[in-house]
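Participant: Convert by adding 16 to the 1-based position in the sequence shown; the result is the number in this note's numbering. Even glycine gets a Cβ: it sits at the ideal position worked out from N, Cα and C.
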Amino acid sequence: MRLKDKVAIITGGGGGMGRVAAQLFATAGAKIVVAEFSDAAGAETVDLVRQAGGEATFVKVDVSREADAKAMVDHALATYGRLDVLYNNAGIMPEADHSVIDTDVDTWDKVMAVNVRGVFLGCKYAIPAMAAGGSGSIINIASFVALLGCSVPQDAYTASKGALLALTRSLAVQFGPKGIRTNAICPGPVETPLLMDWLVKDEAAKQLRLARNPTGRFGKPEEIVYMAMYLASDESRWTNGAQLVVDGGISVNYF
Ligand SMILES: NC(=O)c1ccc[n+]([C@@H]2O[C@H](COP(=O)([O-])OP(=O)(O)OC[C@H]3O[C@@H](n4cnc5c(N)ncnc54)[C@H](O)[C@@H]3O)[C@@H](O)[C@H]2O)c1
Numbered sequence: 017m018r019l020k021d022k023v024a025i026i027t028g029g030g031g032g033m034g035r036v037a038a039q040l041f042a043t044a045g046a047k048i049v050v051a052e053f054s055d056a057a058g059a060e061t062v063d064l065v066r067q068a069g070g071e072a073t074f075v076k077v078d079v080s081r082e083a084d085a086k087a088m089v090d091h092a093l094a095t096y097g098r099l100d101v102l103y104n105n106a107g108i109m110p111e112a113d114h115s116v117i118d119t120d121v122d123t124w125d126k127v128m129a130v131n132v133r134g135v136f137l138g139c140k141y142a143i144p145a146m147a148a149g150g151s152g153s154i155i156n157i158a159s160f161v162a163l164l165g166c167s168v169p170q171d172a173y174t175a176s177k178g179a180l181l182a183l184t185r186s187l188a189v190q191f192g193p194k195g196i197r198t199n200a201i202c203p204g205p206v207e208t209p210l211l212m213d214w215l216v217k218d219e220a221a222k223q224l225r226l227a228r229n230p231t232g233r234f235g236k237p238e239e240i241v242y243m244a245m246y247l248a249s250d251e252s253r254w255t256n257g258a259q260l261v262v263d264g265g266i267s268v269n270y271f
């Protein structure tokens, strides 16, 4: 099995791509810590994994809170005795996030707290645990919007994801010598509640995004998770500091 006995924390594991990651990682043999804000959603993911014969546990976490980030790593160590993978998946994209000229400070701060501080705090506590075991893989979920300008802006979200790419490079260089690899995935638009809840209300915005993608469709959660599975596995042992774009080609489309 590709991830046999690897212990993986998946933040935001209660929904969207995080839930699919929990399911697919468990099927590949990993032990999953579902680190999720919503009790009901986190518990449901654990049930789904267990029903399929996998191993998972839930810890309630708001990734933006330092005490929760520490508790998340402590929970992984107490339950499974080690930590191999930190999958920094939790992220938010509020409707109130627009251009810098019309975004309020609270929205900006909230996005930065979850999307950037959350990753900082997860890494802060996971890296020493991984170093104690001699190896680890950190997977940061950024976005294709960190690589492109967009005339329909979500500037807080875009800046937050750009910050993750810079942080990924810094961690890769610092902790690569300790056997801890850090990589980022830049997904294109994927069919999850995060995107669909928003686009379902705006058909024009949906068609605009579909028209730009050479594949003519949105991604499916598993199409991002398969890349994460590679990064979690030992197959990627020489992949460090990369930003891997999985977007159907939207970011290379000039016309
Ligand atoms: N869906 C897309 O099109 C898309 C594209 C590029 C990048 N991404 C990124 O992929 C990641 C996952 O996105 P998704 O579409 O699956 O999202 P989603 O909204 O469907 O699921 C996110 C999960 O994270 C949880 N969560 C939110 N805030 C949290 C917090 N503070 N602490 C702990 N858990 C929290 C939610 O409860 C939810 O279960 C995000 O980082 C997102 O920015 C998504």
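How about Ser-167: is its Cβ closer than 7 angstroms to a heavy atom in ligand 1?
Facilitator: As a working note, residue 167 is residue 151 in the sequence shown. Answer for Ser-167: no, Cβ out of range of ligand 1.
Participant: Using 8 angstroms as the threshold, is the stretch 133–142 in touch with the stretch 78–86, meaning 3 or more CB pairs across them?
Facilitator: The answer is yes - the stretch 78–86 touches the stretch 133–142, with three or more Cβ pairs under 8 angstroms.
Participant: Quick one: complete alpha helix (DSSP H) runs, 4+ long, within the stretch 126–160?
Facilitator: Here the runs fully enclosed are 134–149.
Participant: List the whole-angstrom C-beta distance separating Ile-155 from Ala-244, where the pair is believed to meet the contact cut-off of C-beta under 8 angstroms.
Facilitator: By one-based count along the sequence shown, residue 155 stands at place 139. By one-based count along the sequence shown, residue 244 stands at place 228. Yes, they are in contact, since the Cβ atoms of Ile-155 and Ala-244 sit about 5 angstroms apart, within 8 angstroms.
Participant: On the DSSP bridge assignment, give the partners of Ala-200 in chain order.
Facilitator: Taking the first residue of the sequence shown as position 1, residue 200 is located at position 184. The partner list for Ala-200 (beta bridge, DSSP) reads Asn-156, Gln-259.
Participant: Taking contact to mean 3 or more Cβ pairs, one atom from each stretch, closer than 8 angstroms, check whether the stretch 258–270 and the stretch 52–64 are in contact.
Facilitator: Taking 8 angstroms as the limit for Cβ pairs, the verdict is that the stretch 52–64 does not touch the stretch 258–270.
Participant: Below 8 angstroms between beta carbons: does that hold for Val-77 and Ala-94?
Facilitator: In the sequence shown, residue 77 corresponds to position 61, counting from 1. In the sequence shown, residue 94 corresponds to position 78, counting from 1. Taking 8 angstroms as the Cβ cut-off, Val-77 and Ala-94 do not qualify as a contacting pair.
Participant: Apart from the five residues just before and just after Trp-214, which ones in its own chain have a Cβ nearer than 7 angstroms to its Cβ?
Facilitator: As a first step, residue 214 is located in the sequence shown; it is residue number 198 there, counting from the start. For Trp-214, where only same-chain residues beyond five positions count, the Cβ hits under 7 angstroms are Glu-111.
Participant: Output the boundary residues of the beta strand (DSSP E) element that contains Gly-26.
Facilitator: Against the sequence shown, residue 26 aligns to sequence position 10. Per the sequence shown, residue 26 should be read as Ile rather than Gly. Run containing Ile-26: 23–27, per the beta strand (DSSP E) assignment.
Participant: Shorter than 7 angstroms, the distance from the beta carbon of Ile-108 to the closest heavy atom of ligand 1, or not?
Facilitator: Residue mapping note: residue 108 aligns to position 92 of the sequence shown, counting from 1. Checking the Cβ of Ile-108 against ligand 1 gives yes.
Participant: Just how far apart, CA to CA, sit Asp-218 and Lys-20?
Facilitator: Walking along the sequence shown from the start, residue 218 turns up at place 202. Walking along the sequence shown from the start, residue 20 turns up at place 4. If you take the alpha carbons of Asp-218 and Lys-20, they lie about 43 angstroms apart.
Participant: Indicate the three-state DSSP secondary structure (helix, strand or coil) for Lys-76 in the structure shown.
Facilitator: In the sequence shown, the residue the question calls residue 76 occupies position 60. Looking at Lys-76 - three-state DSSP - the assignment turns out to be strand.
Participant: Any idea if Cys-166 is buried or exposed, counting beta-carbon neighbours within 10 angstroms, 16 or more meaning buried?
Facilitator: Numbered from its first residue, the sequence shown carries residue 166 at position 150. Cys-166 comes out exposed.
Participant: Using CA atoms only, rank isn't needed, just tell me which of Ile-196, Ser-151, Asn-105, Phe-74 is closest to Ser-80.
Facilitator: The count along the sequence shown starts at 1 and reaches residue 80 at position 64. Ser-80 has its Cα closest to that of Asn-105, out of Ile-196, Ser-151, Asn-105, Phe-74.
Participant: Would you say Val-241 and Met-17 are within 8 angstroms of each other, going by their C-beta atoms?
Facilitator: As a position in the sequence shown, residue 241 is number 225, starting the count at 1. As a position in the sequence shown, residue 17 is number 1, starting the count at 1. No, the Cβ-Cβ distance between Val-241 and Met-17 is not below 8 angstroms.
Participant: Thr-73 to Ala-145, Cα distance in whole Å?
Facilitator: What you label residue 73 is simply residue 57 of the sequence shown in a count that begins at 1. What you label residue 145 is simply residue 129 of the sequence shown in a count that begins at 1. Cα to Cα, Thr-73 sits roughly 18 angstroms from Ala-145.
Participant: Residues in its own chain within less than 6 angstroms of Gly-195 by CB, not counting five upstream and five downstream?
Facilitator: The residue you call residue 195 lines up with position 179 of the sequence shown. Answer for Gly-195: Gly-150, Ser-151, listed in chain order.
Participant: Which residues share a DSSP beta bridge with Gly-235?
Facilitator: As a position in the sequence shown, residue 235 is number 219, starting the count at 1. According to DSSP, which records beta bridges pairwise, Gly-235 is partnered with Val-206.
Participant: What distance in whole Å lies between the Cβ atoms of Asp-100 and Glu-23, which are believed to be in contact at a cut-off of 8 angstroms?
Facilitator: Taking the first residue of the sequence shown as position 1, residue 23 is located at position 7. Taking the first residue of the sequence shown as position 1, residue 100 is located at position 84. The sequence given here places Val at residue 23; Glu does not occur at that position. Val-23 to Asp-100, Cβ: 5 angstroms. Contact.
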